[in-house]
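Written below as structure tokens is the structure these notes are about.
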Amino acid sequence: MSMRKSTAGAIAGVAVTLVLTSCASATDPQSDVTDGAPGEGTTAIGFITVGPKDDFGYNQAVFEGSEAVKKAYPDMEILTAENVPEDDTAATTMEKMIDKGAKLIFATSYGHLDAALKVAEAHPDVVVVQQGNTITTDVPKNSGTYFGTVYEPMYLAGIAAGSATKTDKLGYVYAFPIPQTIANINAFEQGALSVNPDAETITVSTSDWCNPGKQQAAAESLLSQDVDVLTQHQDCTATVIQAAEKAGAMTVGYHADASSIAPEGWLTGAVWNWGPLYTDIVKTVVDGDFVGSEYNANFRVGYKTGTNPFVLAGYGDQISEATQKAITEAQAWLATDEGSPFAGPVEDQSGKVVIKDGAIPTYAENDGMGFFVKGVIGKLAQ
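Written out as structure tokens, the structure is:
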């Protein structure tokens, strides 16, 4: 966050690190059932991530969000666990947090949803929220999912890339063909096409959220095809960015601002600012207002709501004032009822119209996207 797919095999053997950071001492384990509101009396909050907190990417953004919660609630104990696989380990890790007094847990990887729902069912007095997936059955009163509209800033980043490219070839390193990733790739290409009708986005899948070796190979493959702007949907992002920088290519970041490692080639990036949203979820739980709230559902926000936690990073020197103006105008358009990266007509790779002229897909429809748009090169990975 990004949506994920099971990666237990990819990170098997990686130790789960549970860290306690707080001014408060750990509380005694809580009983499984209370008569109060879910999360009532919260004095500890848990965050679990699928990777390390310093990955220049998805998990680092989560950690920074947890630090914002810590700052806003200095008397609250913050429990963090890194490298938590998307399997039964996630449930076990959350149970340990509950044993330490956690009454609110953020399960932040797409594949943590099943474990989150399992733990929520076992502990109706604990609020468990999941980042990026969707609950397709009735939402329990002590659970919910949340996410930003990630493809909107990727559309804007596509404008930056389409304006900057000299070869008209953009490269996209992605992990798995889940709907969020597909929407990101499509939005990036749509943004590029809006300013450069010759732009195409060549894709390579690593089938892994964080494998530097595969990322390096994917980046080199794209660069060898005359790609001069690289972007990605990976958890750890440094390898692809550094490969572009070393090759003299440009880069668009993802998840976290990595401009410091690409001083020459950085264009911009789509990055998370989780602090305000995390803090508001905590406030809702602490105030006893979680049940029936917007977070006790599949909560999604975007430019139309004015509260998208996924934002555009700062610009590099290669982004002209004209391009910055185009991006600003496009963001304002996305906030209108008519604005969408996928405003019809939209064709898929075969030229078939998949979104009719004048149609504006809903957030829910985009969350289920399963096709590449015209201009994207490469087949969907299996």
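Sequence positions in the sequence shown follow mature numbering (1 follows the signal peptide of the UniProt record, and there is no 0) and run -26 to -1, 1 to 356.
Glycine residues also receive a C-beta, built at the ideal position from the N, C-alpha and C atoms.
Given Gln292, which residues of its chain have a CB within under 7 angstroms of its CB, disregarding the five upstream and five downstream residues?
-> Counting from 1 along the sequence shown, the entry for residue 292 is found at position 318. Excluding sequence neighbours, Gln292 sits near Ala138, Met224 and Leu241.
Beta-carbon gap between Ile52 and Ile19 smaller than 8 angstroms | Position 78 of the sequence shown, counted from the first residue, corresponds to residue 52. Position 45 of the sequence shown, counted from the first residue, corresponds to residue 19. Their beta carbons are under 8 angstroms apart, which means Ile52 touches Ile19 by this criterion.
The region 210 to 219 touching the region 28 to 36, judged by at least three CB pairs closer than 8 angstroms | yes
State buried or exposed for Lys188, treating a residue as buried only when at least 16 other CB atoms are found within 10 Å of its CB.
-> Residue mapping note: residue 188 aligns to position 214 of the sequence shown, counting from 1. Classification of Lys188: buried, given that the 10 Å Cβ count is 16 or more.
Three or more C-beta pairs below 8 angstroms linking the region 90 to 100 and the region 126 to 137 = no
In its own chain, which residues sit with a C-beta less than 7 angstroms from the C-beta of Thr253, not counting the 5 before and 5 after it?
-> Within the sequence shown, numbered from 1, the residue matching residue 253 stands at position 279. Around Thr253: Ala42, Val43 and Ala46.
Neighbourhood of Ala271 by C-beta distance below 7 angstroms, restricted to the same chain and skipping five residues each side | Translated into positions along the sequence shown, residue 271 becomes position 297. Answer for Ala271: Val113 and Gly118, listed in chain order.
Give the secondary structure of Asn158 by DSSP, where H, G and I count as helix, E and B as strand, and everything else as coil.
-> In the sequence shown, counting from the first residue as 1, residue 158 sits at position 184. Helix.
Exposure of Ser324, with buried meaning 16 or more beta-carbon neighbours within 10 Å = To locate residue 324, count along the sequence shown from 1; it is residue 350. Exposed, because fewer than 16 other Cβ atoms sit within 10 Å of the Cβ of Ser324.
Contact under 8 angstroms by Cβ, Asp142 with Glu194 = Taking the sequence shown and counting its residues from 1, the one referred to as residue 142 is at position 168. Taking the sequence shown and counting its residues from 1, the one referred to as residue 194 is at position 220. No, Cβ-Cβ distance for Asp142 and Glu194 is not below 8 angstroms.
Looking only at its own chain, which residues have a Cβ that is under 7 angstroms from the Cβ of Ile329, when we skip the five neighbours before and after it?
-> For the purposes of this step, residue 329 is taken as residue 355 along the sequence shown, with counting starting at 1. The residues are Phe316, Gly318, Pro319, Val320 and Pro335.
Tell me which same chain residues have a C-beta within less than 7 angstroms of the C-beta of Val350, skipping the five on either side of it?
-> Residue numbering aside, residue 350 sits at position 376 when the sequence shown is read from its first letter. Taken in chain order, the residues that qualify are Ile159, Asn160, Glu163, Thr175, Thr177 and Gln323.
Alpha helix (DSSP H) containing Phe37: first to last residue?
-> Here residue 37 corresponds to residue number 63 of the sequence shown, with the count starting at 1. Phe37 -> alpha helix (DSSP H) spans Tyr32 to Ala46.
Cα-Cα, which of Thr123, Glu38, Gln154 and Lys326 is closest to Phe273?
-> Position 299 of the sequence shown, counting from 1, holds the residue named residue 273. Checked all of Thr123, Glu38, Gln154 and Lys326; the closest Cα to Phe273 is Thr123.
How many whole angstroms separate the CB atoms of Val58 and Ala76, which I take to be in contact at a CB cut-off of 8 angstroms?
-> Your numbering for residue 58 matches position 84 in the sequence shown. Your numbering for residue 76 matches position 102 in the sequence shown. About 14 angstroms; that fails the 8 angstroms criterion.
Does DSSP put His97 in a helix, in a strand, or in coil?
-> Position 123 of the sequence shown, counting from 1, holds the residue named residue 97. Reduced to three states, the DSSP call for His97 is coil.
Alpha-carbon to alpha-carbon, Leu144 and Thr205 | Translated into the one-based positions of the sequence shown, residue 205 becomes position 231. Translated into the one-based positions of the sequence shown, residue 144 becomes position 170. Going by the C-alpha atoms only, they are around 8 angstroms apart.
Give the range of the alpha helix (DSSP H) segment to which Thr310 is assigned.
-> Counting from one through the sequence shown, the residue named residue 310 turns up at place 336. Note, Thr310: premise wrong, no alpha helix (DSSP H); not H, not E.
Can you tell me the Cα-Cα spacing of Asp2 and Asp73, whole angstroms?
-> As a first step, residue 2 is located in the sequence shown; it is residue number 28 there, counting from the start. As a first step, residue 73 is located in the sequence shown; it is residue number 99 there, counting from the start. Its pLDDT being 33, under 50, Asp2 is placed unreliably by the model, and the measurement read from it follows with that caveat. About 7 angstroms.
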